[in-house]
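> Please see the structure below; I have some questions.
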Amino acid sequence: MDILANLATGLATAFSPENLLYCFLGVLLGTLVGVLPGLGPVATIAMLLPATFALPAESALIMLAGIYYGAQYGGSTTAVLINLPGESSSIVTALDGYRMAQQGRAGAALAIAAIASFVAGTAATFVVAFLAPPLAGIALEFQAAEYFSLMVLGLVASIVLAQGSLLKALGMVVLGLLLGLVGTDVTSGTARFAFDIRELNDGINFVVVAMGVFGVAEIVRNLESERARELVATRISRLMPTREDMRRSVAPILRGTGLGSLLGILPGGGALLASFAAYALEKKVSPRAAEFGRGAIEGVAAPEAANNAGAQTSFIPMLTLGIPSNPVMALMIGALILQGIRPGPNVMVEQPRLFWGVIVSMWIGNLFLLVMNLPLIGLWVRVLAVPYHLLYPAILVFASVGVLSLSNATLDVHLMALFGVFGYVLVKLDCEPAPLLLGYILGPLMEEYLRRAMTLSRGDPTIFLQRPISAAMLAVALLAVVAAVLPAVSRTRAKAFAE
Amino acid sequence: MRVRNAKDLLAGCLFLAFGAAFLVLAQDYELGSARRMGPGYFPVVLSIVLMGIGLATVVRSFVVPGLPVRDIAGRALVLVTAGILLFGLLIERAGLGIAVAALVLAAAPASRKARPLSALLLAAGLGGFCVLVFVKGLGLPFPVLGSWLGG
């Protein structure tokens, strides 16, 4: 079977000693930043990107992917132990996980979280392995019109699924697209919006934008209100869950895995949405619905399975279509471009080692997490005790050095400061920065596909409706917008995010 | 007419301002036609769309109520930004160690919990760490001593 041969390629790549090391480093770092509140995976991946330039593409991506799903797990550790989710995707885990910790069952909650993540990660690895090739096969037939419509769909989905106002999210996407156009236009060679600054001719490196908007702005926001972090559940007496815990968790883990895998594939989806949806679903179908919010183990198992599954399946659109479904995937695409690889369906054919190596490494990474995290919980607890006022200057230093190392231009450092201020203004105005970053990455690509499609059609814009796949994608995008603005749906949407 | 949502009003103005700025700047680039788009085509279309969104957001701020803008950490924002700018200005002139230390010392008072001694120790520690790891260890081409120090 083809899949087996492909997985064998992946195994050979992922099990090479150096890739095992990068995978391990990735999940270790990911867990660390997940544990540290106020340092997210986007900022971390942006910070470490320059360090991965020297690596082969597959090693770079394996490590960056490890950071992403490691962070999901680390985020739940703090959610359980101190009721402070390290990552937004762990918010729902805190609801029941922290209650369990208060009841002296922190060990069981953390163990179930690890087991659920591992089961979900294993299942999601196979979902990716089976779904990606056919999807890439379809995408190989795509022409410029389909790509343009696909990007429209991806951006619309990211708006509909973003938190808060649709209108402002739309504005952020368009602003991101515009900012992405800064630099030399590939078709005509004209330097646009560069103010005759030589360094701007190549555009603003997306790492600079991501570091400023997600890293620096986040630090300032954290400094608004410095809360004392208290470890309530320091005593973890019994680590393993009881037989009863395991029995109760089986169905929620499976449901969470299924739902998470599905939501991860959707553009705009990923770990955050998956964990919220899984918790809501469990609350509906569980026979112990009344226990939810009071330390129900199902309330930990389902969202933990879902966020891990979602984190992994969100690689599908990125690896096969070259479309990022969330800011982390946008950074991955940026990393590929910097490695000289054009993301899209050709990656699977031209770079089988990269494609399958990354997929198999996800499973290995999940194994690392399972084996490593339970014994290391004591260490993570100590990491939590590092006060923020010692932490953020260090983050600022590493961010500045990282940005400087991109192309040894001090302008990049100053631009990061500028984007930090900009990002903070956006936060204060309730404008989500995620759609901005997606637009930023896609801006030049969208322009290129639009131009090509319009040249092919001799200036006739109906080409986007005449080609069936393109028309279908635009129809889905329109449907999503209509559905989101309908009063009934927008109320449920507001409620879903409020929970 | 009364502003009911200050955040939306400001966000709308932000979109309008960016849209207008990009539109003005894009006038320098050839527009082309739908069939052969010049470098100005896509930016012009996008800036007009952005201004439309901005206008709609401004209008909505008079209709749909919202929360006021609150808790602006002005001090933290200024100090953190100043720290990064200082790093950028000093790296070539004073070298990596001093630039890192300056960044830490400028940004540390942004936290109310920071103490002068801990900030000094952190600045010295991180400065030394960066020189050792990034320049000596990883061989990155940063000046250890800048032009001011004859490096």
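Protein chains in written order, with our numbering: chain A, 1 to 499; chain B, 1 to 151.
Positions of the beta carbon are idealized from the N, C-alpha and C atoms, including for glycine.
(1) Find the residues of chain B that neighbour A/I219, judging by a C-beta separation of less than 9 Å, and give them in chain order.
(2) Kindly provide the ranges of any alpha helix (DSSP H) runs that are 4 or more residues long and lie completely inside the region 230 to 305 of chain A, ordered along the chain.
(3) For A/V128, count the other beta carbons within 10 Å of its own beta carbon; 16 or more makes it buried, fewer makes it exposed. Which is it?
(4) Provide the residue(s) that pair with B/G40 in DSSP beta bridges, ordered along the chain.
(5) Decide if B/R112 is buried, meaning its Cβ has at least 16 other Cβ atoms within 10 Å, or exposed.
(6) List, in order along the chain, the chain A residues whose C-beta lies closer than 9 Å to that of B/R60?
(7) Start and end of the alpha helix (DSSP H) containing B/V63?
(8) Could you check whether the Cβ of A/R353 sits closer than 8 Å to any Cβ belonging to chain B?
(9) Please classify A/R99: does DSSP put it in a helix, a strand, or coil?
(10) Nearest by alpha-carbon distance to A/S149: which of A/I463, A/A483 and A/E298 is it?
(11) Short of 7 Å in beta carbon distance, which residues of its chain neighbour B/S61, apart from the five on each side in sequence? Order them along the chain.
(12) With burial defined as no fewer than 16 other Cβ atoms inside 10 Å of the residue's Cβ, what is the status of B/A17: buried or exposed?
(13) Touch check for the region 166 to 177 of chain A and the region 425 to 438 of chain A: three-plus C-beta pairs under 8 Å?
(14) Check the Cβ-Cβ distances between B/R35 and every residue of chain A, and say whether any is below 8 Å.
(15) If you draw a straight line from the C-alpha of B/G66 to the C-alpha of A/A8, how long is it?
(16) Using alpha carbons as the reference points, say which of A/E58, A/A335, A/I82 and A/L486 lies closest to A/V208.
(17) As an exercise, report each continuous alpha helix (DSSP H) stretch of at least 4 residues that is fully enclosed by the region 17 to 64 of chain A, in chain order.
(18) Using beta carbons (cut-off 8 Å, strictly below), is A/C23 in contact with chain B?
(19) A/G183 by DSSP, collapsed to three states: which one?
(20) State the Cα-Cα distance for the pair A/L404 and A/L179, rounded to the nearest angstrom.
(21) Is A/A191 helix, strand or coil when you go by DSSP?
(22) With a threshold of 8 Å, are at least 3 pairs of Cβ atoms found where one atom belongs to the region 296 to 316 of chain A and the other to the region 103 to 120 of chain A?
(23) Quick one: what's B/G128 bridged to in DSSP?
(24) List, in chain order, every chain B residue whose beta-carbon is nearer than 7 Å to that of A/R458.
(25) Give me the DSSP bridge partner(s) of B/G32.
(26) If the cut-off is 7 Å on Cβ atoms, which residues from the region 119 to 137 of chain B count as contacting chain A, listed in chain order?
(27) Which residues, taken in chain order from the region 376 to 387 of chain A, show a beta carbon closer than 8 Å to some beta carbon of chain B?
(28) So, is the C-beta of B/I84 closer than 8 Å to a C-beta in chain A?
(29) Taking contact to mean at least 3 C-beta pairs separated by less than 8 Å, is the region 85 to 94 of chain A in contact with the region 274 to 282 of chain A?
(30) Count the other C-beta atoms from every protein chain shown that fall within 10 angstroms of the C-beta of B/L153, then say buried if there are 16 or more, exposed otherwise.
(31) Which of the residues in the region 41 to 59 of chain B, read from start to end, lie with their CB under 7 Å from any CB of chain A?
(32) Would you give the residue range spanned by the alpha helix (DSSP H) that A/V425 belongs to?
(33) What alpha helix (DSSP H) runs, 4 residues minimum, are completely inside the region 332 to 395 of chain A?
(34) Please return the same chain residues whose Cβ sits closer than 6 Å to the Cβ of A/D96, not counting the five positions on each side in sequence.
Result, derived from the coordinates:
(1) A76, V80, A107 and A110
(2) 243 to 265 and 271 to 285
(3) Taking all protein chains in view, the Cβ of A/V128 is crowded by 16 or more other Cβ atoms within 10 Å, so the residue is classified as buried.
(4) Looking at the DSSP assignment, B/G40 forms no beta bridge with any residue, so it has no partner.
(5) exposed
(6) Taking a Cβ-Cβ threshold of 9 Å, the residues of chain A close to B/R60 are S165 and L167, in chain order.
(7) It is not in any alpha helix (DSSP H) - B/V63 carries neither H nor E in the DSSP assignment.
(8) No, A/R353 lies away from the interface with chain B (no Cβ there is under 8 Å from its Cβ).
(9) Correct three-state label for A/R99: helix.
(10) In terms of Cα proximity to A/S149, the closest of A/I463, A/A483 and A/E298 is A/I463.
(11) V3, R4, N5, D8, L9 and G12
(12) exposed
(13) yes
(14) yes
(15) 55 Å
(16) It is A/A335 whose Cα lies nearest to the Cα of A/V208.
(17) Counting whole runs of 4 or more residues, the region 17 to 64 of chain A contains the alpha helix (DSSP H) stretches 17 to 35 and 41 to 52.
(18) no
(19) strand
(20) 20 Å
(21) strand
(22) yes
(23) Per DSSP, none; premise fails for B/G128.
(24) Those within 7 Å of A/R458 in chain B are R35.
(25) B/M37
(26) L122, L126, C130 and F134
(27) Flagged, chain order: P387.
(28) yes
(29) yes
(30) This structure leaves residue 153 of chain B out entirely; chain B is present only between 1 and 151.
(31) F42, P43, L46, S47, V49, L50, I53, G54, A56 and T57
(32) The continuous alpha helix (DSSP H) containing A/V425 extends over residues T410 to K428.
(33) Within the region 332 to 395 of chain A, the complete alpha helix (DSSP H) segments of 4 residues or longer fall at 346 to 350 and 352 to 384, listed in chain order.
(34) G295, A296, G299 and V300
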